[in-house]
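**Student:** One structure follows; several queries about it will come next.
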Amino acid sequence: MPQYKINYDTPFIDVYEKNLQIRRLIKNEVFIIDKDDAKLKVKITHIKKNNQWSNEIFVNVKVSGTINNWWNNPRNINSNHFHSTIARNRDIRGKIIWDIKRFFKMFGVPTYNVEIKKVMVCDNI
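Be aware that the sequence shown starts at 1, since it is given in my numbering, and climbs by one per residue.
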């Protein structure tokens, strides 16, 4: 496995934009989230920096899987079983945010600087 040297003096987004190996490592990672109320597969599709704050990053993700409703019945996230797409995406973000934040913490990004922006839903990753 190749060694990745990270300089913590430069912002993560600059390292991400310049280093192709880091970019491939992040985009090829598939998160399998298996909680009591959700079974999701998540893949990071894009990362960009916030124009207002230089250290904050926005993450776009692709998601597939199921989320249980109040009666513990699994709902496919790619179906019309949700009230609206906004409610569906809010529910998905709530389930996956801490796994994404912990992943970026390994790269030296504080957890309060990571925000999930776009959620793309698909059948399979």
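Ideal Cβ placement from N, Cα and C applies to all residues, glycine included. Keep in mind it's a predicted model, so treat the numbers as computed, not measured.
Sort out for me which residues DSSP pairs residue 74 with in a bridge.
**Tutor:** Answer is 68, bridged to residue 74.
**Student:** For residue 54, which residues in the same chain have their Cβ closer than 7 Å to its Cβ, ignoring the five residues on either side in sequence?
**Tutor:** 11.
**Student:** In the DSSP assignment, find the unbroken alpha helix (DSSP H) run with residue 17 in it and report its ends.
**Tutor:** Looking at the DSSP string, the run of the alpha helix (DSSP H) that includes residue 17 is 12-18.
**Student:** Leaving aside the five residues before and after residue 119 along the sequence, list all residues of the same chain whose C-beta is less than 7 Å from its C-beta, in chain order.
**Tutor:** Excluding positions up to five away in sequence, the list reads 61, 63, 89, 92 and 93.
**Student:** Please tell me whether residue 87 and residue 67 are closer than 7 Å, where the distance is taken between their beta carbons.
**Tutor:** In this structure, residue 67 does not lie closer than 7 Å to residue 87 by Cβ.
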